[in-house]
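Notes for the one structure printed next.
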Amino acid sequence: MLRLPACEVANPRTVDQALALLAEHGDAAMLIAGGTDLVPNMKHRLFEPELLVSLAGVDELRGVRETPDGIEIGAMSTLAALARDEQLIANYPALAQAVSLVAGPQLRNMGTLGGNVMLDTRCQWYNQTYFWRKSLGFCLKKDGDTCHVVKGGSKCVAAASNDSVPALMTLGASLVLRCSTGERVVSVDDFWKADGIANKRVEPGELLVAVRLPRTAAGHRGAYGKLRDRGSIDFPLLGMAARVDLDASGKVADADLVVTALQARPVRIKQVAEILTGTEPGRANFDAAVEAACTQAAKQCKPMPNIPGDHDYRRAMVPVYARRTLRAAVDQAGPVHHI
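Structure representation (structure tokens):
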């Protein structure tokens with residue numbers, strides 16, 4: 009049986025109390041939201057904090073609120089609650105679908121949007137027990153100096169696996185981060201680094217308090233596609249969010265396609281808007297444009313053997329999921345996945 013390392017747990021009731029604890033304890037403290045990823049990682053000795061600052065009792069971090077420009081989602085809102093939120097389903101379908109496909113029902117009841125955004129990168133050489141990792145001499149991301157994915161590599165290539173983030177990127181979301189000295193708002197696009205060890209531009213002592221989404225137009229369409237071994241629980245082998253905005257005449261006014269689970273940061277497929285804009289769903293020009301976007305995705309995405317699953321198969325599925333997800337968005341057909 010894998011046991012948790014010994015640590016203290018603090019239960020603040022306000023954001024200010026949580027931030028004060030982070031400032032006081034520094035690197036010895038870690039935040040815990042739903043704990044669905046952090047607790048297993050602690051059992052594997054990937055993290056060994058002296059203090060866990062639990063956000064479970066901070067009610068101000070929960071709920072969906074309307075703003076003059078759109079909506080704001082508290083970071084402690086559970087994935088299960090967001091997956092069934094009528095406003096998200098109607099106006100932000102890619103996000104509602106993405107969170108509905110995270111893990112399984114029990115984990116979505118505990119897991120939070122903030123926790124999914126802040127999810128640690130994953131690698132099949134890293135997400136293992138201490139003794140498993142020790143037998144191989146550890147790795148760049150934890151305790152070692154060797155990359156087992158890229159032989160001789162000097163940069164960690166552990167993969168981002170956050171289902172929510174591609175959807176947030178297609179929606180133009182912003183993240184609200186707070187620390188003991190103030191608050192800042194950063195575009196979700198600018199939050200990521202191509203570094204598997206630390207892929208987020210987060211400062212010490214900062215807490216993600218909310219996610220802001222701009223208002224969507226009447227012609228907005230979105231979908232999320234997820235490839236995984238077990239359709240009931242697993243992390244993505246490939247995750248893809250699509251946005252297609254239609255104008256009043258039914259033609260594509262804008263489009264976007266973002267992929268996760270390939271490298272340390274999510275990848276936006278280039279030229280998707282240019283390829284699709286002006287085409288009309290249901291006509292040959294749209295079908296041709298979708299195929300061109302799929303070709304672009306296949307050229308740009310090069311999966312590595314950093315997570316379980318054959319990387320050649322994952323590469324072959326990139327254009328397949330690009331096609332399915334773009335069409336699901338336009339047809340408002342719901343998420344793309346297998347059971």
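Here the sequence shown is numbered in the working numbering, starting from 9 and rising by one per residue.
Ideal Cβ positions, reconstructed from N, Cα and C, are used throughout, including at glycine.
Only a predicted model underlies this, so the values are computations on that prediction, with no experimental measurement involved.
In the DSSP output, what is I81 paired with across the bridge?
Start at 1 with the first residue of the sequence shown, and residue 81 comes out as number 73. Answer by DSSP bridge pairing, in chain order: V72, V219.
Tell me the start and end of each unbroken beta strand (DSSP E) in the region 153-233 that is at least 3 residues and wholly inside, in chain order.
Qualifying beta strand (DSSP E) stretches, in chain order: 182-187, 190-195, 215-222.
If you compare alpha carbons, which of A175, A306, D339, I315 is closest to Y329? For the purposes of this step, residue 329 is taken as residue 321 along the sequence shown, with counting starting at 1. Looking at the Cα atoms, A306 is the closest of the given residues.
_Would G119 and G42 qualify as a contact pair, given that the criterion is a beta-carbon distance under 8 Å?_
As a working mapping, residue 119 is identified with position 111 in the sequence shown. As a working mapping, residue 42 is identified with position 34 in the sequence shown. G42 is positioned such that its CB atom lies closer than 8 Å to that of G119.
| said: Less than 8 Å between the beta carbons of A226 and Q105, yes or no? | reply: What you label residue 226 is simply residue 218 of the sequence shown in a count that begins at 1. What you label residue 105 is simply residue 97 of the sequence shown in a count that begins at 1. Their beta carbons are not under 8 Å apart, which means A226 does not touch Q105 by this criterion.
Identify whether T268 lies in helix, strand or coil by the three-state DSSP scheme.
Translated into the one-based positions of the sequence shown, residue 268 becomes position 260. The answer is strand: DSSP assigns T268 an E or B state.
Q: Given a cut-off of 8 Å, decide if L90 and I81 are closer than it, judged by their beta-carbon atoms.
A: For the purposes of this step, residue 81 is taken as residue 73 along the sequence shown, with counting starting at 1. For the purposes of this step, residue 90 is taken as residue 82 along the sequence shown, with counting starting at 1. Yes.
| Would you call the region 186-203 and the region 229-248 touching, i.e. three or more CB-CB distances under 8 Å? | Flag = no, the region 186-203 and the region 229-248 do not touch.
- Item | T86 beta carbon less than 8 Å from that of N117 | The residue you call residue 117 lines up with position 109 of the sequence shown. The residue you call residue 86 lines up with position 78 of the sequence shown. Cβ distance < 8 Å, so N117 and T86 count as in contact.
Should S108 be labelled buried (16 or more other beta-carbon atoms within 10 Å of its own) or exposed? In the sequence shown, counting from the first residue as 1, residue 108 sits at position 100. S108 is buried by the Cβ-count criterion.
* **Closest Cα partner of C131 within the set R291, A26, S169, M84** => Mapped onto the sequence shown, residue 131 falls at position 123. Nearest C-alpha to C131: S169.
Cutoff 8 Å; reference C147; Cβ partners in own chain excluding five residues on either side
Counted from its first residue, the sequence shown places residue 147 at position 139. Contacts found: C131, W133, Y134, R141, T154, C155, H156, C164.
Note to self: Once DSSP output is grouped into helix, strand and coil, what is the label at K280?
What the structure shows: By one-based count along the sequence shown, residue 280 stands at place 272. Before going on, a small fix: residue 280 reads as Val here, not Lys. DSSP places V280 in helix when its eight states are reduced to three.
query = Within 10 angstroms of its Cβ, does Y100 collect 16 or more other Cβ (buried), or is it exposed?
reply = Numbered from its first residue, the sequence shown carries residue 100 at position 92. Buried, since its Cβ has 16 or more Cβ neighbours within 10 Å.
* Asked: Quick one: any contact between the region 47-55 and the region 196-215, if contact means 3 or more CB pairs under 8 Å?
  -> Short answer: they don't touch.
In angstroms with no decimal places, state the Cα-to-Cα distance between V326 and K310.
Here residue 326 refers to the residue found at position 318 when the sequence shown is read from its first residue. Here residue 310 refers to the residue found at position 302 when the sequence shown is read from its first residue. Inter-residue distance for V326 and K310 is about 9 Å (C-alpha atoms, whole angstroms).
Q | Proximal residues to K259 (C-beta, below 7 Å), its chain only, five neighbours per side dropped | A | Here residue 259 refers to the residue found at position 251 when the sequence shown is read from its first residue. Beyond the five residues adjoining it in sequence on each side, K259 comes within less than 7 Å, by CB distance, of G286, T287, E288 in the same chain, given in chain order.
Review point. Name the DSSP bridge partner or partners of E16?
Key: For the purposes of this step, residue 16 is taken as the residue at position 8 of the sequence shown. When beta bridges are read from the DSSP output, E16 appears opposite L59.
- For the region 246-253 against the region 329-340, are there 3 or more C-beta pairs whose distance is under 8 Å? These segments touch.
- CB contact flag (V219, L121, <8 Å): Along the sequence shown, one-based indexing puts residue 219 at 211. Along the sequence shown, one-based indexing puts residue 121 at 113. Yes, the pair counts as a contact, with Cβ atoms nearer than the cut-off.
Next item on the list: Can you grab the Cα-Cα spacing for the pair L103 / T178, in whole Å?
Entry: By one-based count along the sequence shown, residue 103 stands at place 95. By one-based count along the sequence shown, residue 178 stands at place 170. Their backbone Cα atoms lie some 9 Å apart in a straight line.
Spatially closest choice to L127 from P76, A272, D295, by CA coordinates: The residue given as residue 127 occupies position 119 in the sequence shown. Of the listed residues, the one whose Cα sits closest to L127 is A272.
Where does the unbroken beta strand (DSSP E) through R130 begin, and where does it stop?
-> Taking the first residue of the sequence shown as 1, we reach residue 130 at position 122. Per DSSP, R130 lies in no beta strand (DSSP E) and is assigned neither H nor E.
(Q) Assuming the contact rule is C-beta atoms closer than 8 Å, A26 and P57 should be a hit. Round their C-beta distance to whole Å, please. (A) Numbered from 1 along the sequence shown, position 18 holds the residue referred to as residue 26. Numbered from 1 along the sequence shown, position 49 holds the residue referred to as residue 57. A26 to P57, Cβ: 14 Å. No contact.
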